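Asker: My questions all concern the structure below.
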Amino acid sequence: MPDPARTAPSASTPDAERGLPTGGVPWEELVTAALLGTDRRPLRSGPSAPGTSGHPASAPGASAGPAALLDVAALHTVRRRAALVPAVGAAPPVPAPTDPRPPLPPAARRRLAQLLADRSAPPAGGRRGSAPDLTELIPQWLALAGERGYRAPAEQLPALLDAARARTDLRPHVLSFAGPRGLWLAALNPDWRFALRTSTGAHRTATGSPGEIRRLWEEGLFAERVALLGAVRAQDPAAARELLAGTWSAERAEDRLMFLDSLRAGLGAADEPFLEEALSDRSRNVRSTAAELLSALPGSALARRMASRATTCVNPDRTGDALTIAVEAPHECDADMQRDGVTPVPPSGRGERSWWLGQLVEAAPLSVWPERFGGRSAQEIVALPVADGWEAELHAAWCRAAVRQRDPAWARALLGAPSIPPANGPGTASLAERSQLLATLPTAERADWVAGFIAAHGLSEAFQLLGVCALPWAGPLGRAVVDALDIARDAGSYPWSFSGVMGLAERCLDPAEANRLEVLTAVQDEPEGASPGAGGYWSEAFRRLVSTLRLRAAMAAELTPDGTTDDAAPEHGTEASPEGRAAASSATSDRDQGAAAPGAPGTAT
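Residue numbers (my numbering): 1413 to 2017.
What follows is the structure, encoded as structure tokens:
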């Protein structure tokens, strides 16, 4: 409200011009009387004003007390407010776009509210107990809801965006589930602006007009530009490449590196001219990335140059009784090699020649080696002895080449049989590199290999390998993991040493396994030499595993229109089984009966 003392007209202005009735008391007079007090400065009115008959100060020359002073001040205030011109209101936001997807079933809506409410609940004394960890199930629930085509409830959009703001791993699922209304709401709150800088937000812009795309590319924040380039690349690789080429020379080196990395999606022969120019970039990291991308194109000029260099270093040797592989590492790293992405200075502890050799073999197309070794297969070539102790370096380079070129035949050869100890395998002993090789294999073959590895070597070295297996784990893999956990329990091992694998099992085992695992929840007698209390911990961990699997079955049932578990959905990948339906029914029953039981599976605690 404007201050009448600041906006009042001058006291010398006639009453009629100041908007006061004839004989009205000026505002300055009111202020003076209020400051000094009506005893020291009585308030006197002029001639009677219209409409003031009966007022204590209405008679000419009459004085007024405190009550009359307040009445006159109120009259002035009302008069001034009535004369104000209303301010122009802010333009209302554009209405939220329509989301044509069907709404969530009521049970799934309640489940979502429970998951979002539990995500901020503090852990109970650091011990999980047997209750499922709902926060770990949020990504799976969101993925399943998105795959089944539901839209997010409007009232849950703020909580979903808050969850995505706190956990970056949730953002792709949240924004896909929130849909166009989520992006609309995120644009109204600065705390949720991250949604506009993700691939989902960029995808909306990428489907807009060319002018809108160009404006965001030239004026947007770096994260927005990266997301936009990826979204355009997914729709039109050539358009994305042209967009990048238009501003390439003006970009910072670190930005060029990130933008160049986006070309991995949809990489093709049409990208070769642009990448060849990037080989002359002033940034070493940009040159290396461009060379890596070109080496993933077996028909590129760089791949042919690398093949020529590599085959001068690695050759079949027939001088002995049996065929072997002879290696002669490069003696120098010339300017042409450096332009093609070969880093001249090795890391600490590496020799120069072995460092250069590894880079050449890694960038050479794998197809050159069968030709070089008389048509032998990858498995036969890997099995050949390597002279002069170069086997480890050569096989490691082939492993990196198989990953870069996504070659499953070479990956199989370098992985070898899962029963072979990693230190004695044909490829690399590094579990990180083995997991990368596994990622090139088909889903079922990958799961079978890891199951065989666990059966032969246990779980202590399998954590990284499990991370590349598709969800849910295939039957043989799931059984191998559970059997290995059971063996560890029977041996009296520390249960907390397997907490990471147990957490993976809760999220990755097929829910249909819940009934089969019920027998493992019993507390067994601890063997001699076992960790004190291990039996109770193992029982608790298996109870939590069973509860979580049943909860996942219930979640899947709630997200199925007919109310039954649909294991044929992409999240499960197998047909519904009697065990799966029984698990879903049991989970639903547990949830309904556990409403009055704190900590019951599927209920809020």
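Where a beta carbon is used, it is the ideal one built from N, C-alpha and C, also for glycine. All of these numbers come straight from a predicted model, not from anything done at the bench.
Just reading off the beta strand (DSSP E) that Thr1736 is part of, what are its end residues?
Answerer: Start and end: Thr1736 to Val1739.
Asker: Figure out for me which residue from Trp1802, Leu1850 and Ala1841 has the closest Cα to the Cα of Ala1814.
Answerer: Of the listed residues, the one whose Cα sits closest to Ala1814 is Leu1850.
Asker: Pop quiz: Arg1609 and Ala1639 are said to be a contact at Cβ under 8 Å. What is the actual Cβ separation, rounded to whole angstroms?
Answerer: The pair is a contact, with the Cβ atoms about 6 Å apart (cut-off 8 Å).
Asker: Are the beta-carbon atoms of Phe1634 and Leu1656 separated by less than 7 Å?
Answerer: The answer is no: Cβ separation not under 7 Å.
Asker: Under three-state DSSP, which class holds Pro1728?
Answerer: Residue state, collapsed to three classes: strand.
Asker: Return helix, strand or coil for Phe1606, following the three-state DSSP convention.
Answerer: Correct three-state label for Phe1606: helix.
Asker: Closer than 7 Å by C-beta to Gly1890: which residues in its own chain qualify, once you throw out the five before and the five after it? Chain order, please.
Answerer: Closer than 7 Å at Cβ, skipping near neighbours: Leu1921, Asp1922 and Glu1925.
Asker: Does Ser1588 pass the burial test, meaning 16 or more other C-beta atoms within 10 Å, or should it be called exposed?
Answerer: Burial call: buried.
Asker: When DSSP builds the beta bridges, which residues end up paired with Leu1961?
Answerer: Leu1961 is not bridged to any residue.
Asker: For Trp1810, does the count of other Cβ atoms within 10 angstroms reach 16, so buried, or fall short, so exposed?
Answerer: Burial call: buried.
Asker: State the DSSP-derived secondary structure class of Val1638, mapped to helix, strand or coil.
Answerer: Note: Val1638 maps to helix in three-state DSSP.
Asker: Is it the case that the Cβ atoms of Ala1825 and Pro1834 are separated by a distance below 7 Å?
Answerer: Their beta carbons are not under 7 Å apart, which means Ala1825 does not touch Pro1834 by this criterion.
Asker: How would you label Tyr1562, buried or exposed, when you count the other beta carbons within 10 angstroms and need 16 or more for buried?
Answerer: Buried: at least 16 other Cβ atoms inside 10 Å.
Asker: For the alpha helix (DSSP H) that Glu1407 lies in, which residues bound it at each end?
Answerer: No answer is possible for residue 1407: it lies beyond the span of the chain, which begins at 1413 and ends at 2017.
Asker: So, is the C-beta of His1585 closer than 7 Å to a C-beta in chain C?
Answerer: No chain C appears in the structure shown, which is made up of a single protein chain.
Asker: Check the DSSP bridge columns for Val1798 and list the partner residues they point to.
Answerer: BP columns for Val1798 point to Ile1737.
Asker: Excluding sequence positions up to five away, which residues of its chain have a Cβ less than 6 Å from the Cβ of Tyr1949?
Answerer: Excluding positions up to five away in sequence, the list reads Pro1907.
Asker: My guess is that Ala1859 and Ile1866 are in contact by the Cβ rule of under 8 Å, so how many angstroms apart are they, rounded?
Answerer: In fact, because the Cβ distance is near 11 Å, the residues do not count as touching under 8 Å.
Asker: In the structure shown, what three-state DSSP assignment does Ile1832 receive?
Answerer: Ile1832 falls in the coil class under three-state DSSP.
Asker: Quick check on the burial criterion: 16 or more other C-beta atoms within 10 angstroms. Buried or exposed for Gly1642?
Answerer: With 16 or more Cβ atoms within 10 Å of its Cβ, Gly1642 is classed as buried.
Asker: With contact counted as at least three CB pairs below 8 Å, one residue from each stretch, are the region 1958–1966 and the region 1893–1907 in contact?
Answerer: Short answer: they don't touch.
Asker: Closest by CA to Asp1648, which one among Ser1674, Arg1627, Glu1636 and Glu1663?
Answerer: Nearest of Ser1674, Arg1627, Glu1636 and Glu1663 to Asp1648, Cα basis: Ser1674.
Asker: Among residues of its own chain, excluding the 5 on either side of Ala1790, which ones have a beta-carbon nearer than 6 Å to its beta-carbon?
Answerer: Within the same chain, Ala1790 has close Cβ partners Ala1821, Trp1822 and Ala1825.
Asker: Between the Cα of Ala1525 and the Cα atoms of Asp1483, Leu1481 and Leu1572, which residue gives the shortest distance?
Answerer: Comparing Cα positions, the closest option is Leu1572.
Asker: How would you label His1585, buried or exposed, when you count the other beta carbons within 10 angstroms and need 16 or more for buried?
Answerer: With 16 or more other Cβ atoms within 10 Å, it is buried.
Asker: According to DSSP, is Asp1860 helix, strand or coil?
Answerer: Asp1860: helix per DSSP, three-state reduction.
Asker: Using a Cβ distance threshold of 8 Å, determine whether the region 1675–1695 contacts the region 1711–1722, with at least three qualifying pairs required.
Answerer: Judged by Cβ distances under 8 Å, the region 1675–1695 makes contact with the region 1711–1722, as three or more pairs qualify.
Asker: Quick check: the region 1725–1744 against the region 1796–1805, are at least 3 beta-carbon pairs closer than 8 Å?
Answerer: The region 1796–1805 is in contact with the region 1725–1744.
Asker: Residue range of the alpha helix (DSSP H) that Arg1699 falls in?
Answerer: Residues Arg1696 to Ser1707.
Asker: Does the distance from the C-beta atom of Phe1910 to that of Ala1900 stay below 7 Å?
Answerer: In contact: Phe1910 and Ala1900 (Cβ atoms closer than 7 Å).
Asker: Mind listing, in chain order, the continuous beta strand (DSSP E) runs of no fewer than 3 residues lying wholly within the region 1772–1796?
Answerer: Correct list: empty.
Asker: Using the C-alpha atoms, what's the distance from Val1913 back to Leu1769?
Answerer: Their backbone Cα atoms lie some 38 Å apart in a straight line.
Asker: May I ask which residues mark the beginning and end of the alpha helix (DSSP H) holding Asp1530?
Answerer: Per DSSP, Asp1530 belongs to the alpha helix (DSSP H) from Pro1518 to Asp1530.
Asker: Between the C-alpha atoms of Ala1485 and Asp1451, what's the straight-line distance to the nearest angstrom?
Answerer: Approximately 17 Å between the Cα atoms of the pair.
Asker: For the alpha helix (DSSP H) that Pro1649 lies in, which residues bound it at each end?
Answerer: Element bounds for Pro1649: Pro1649 to Thr1659.
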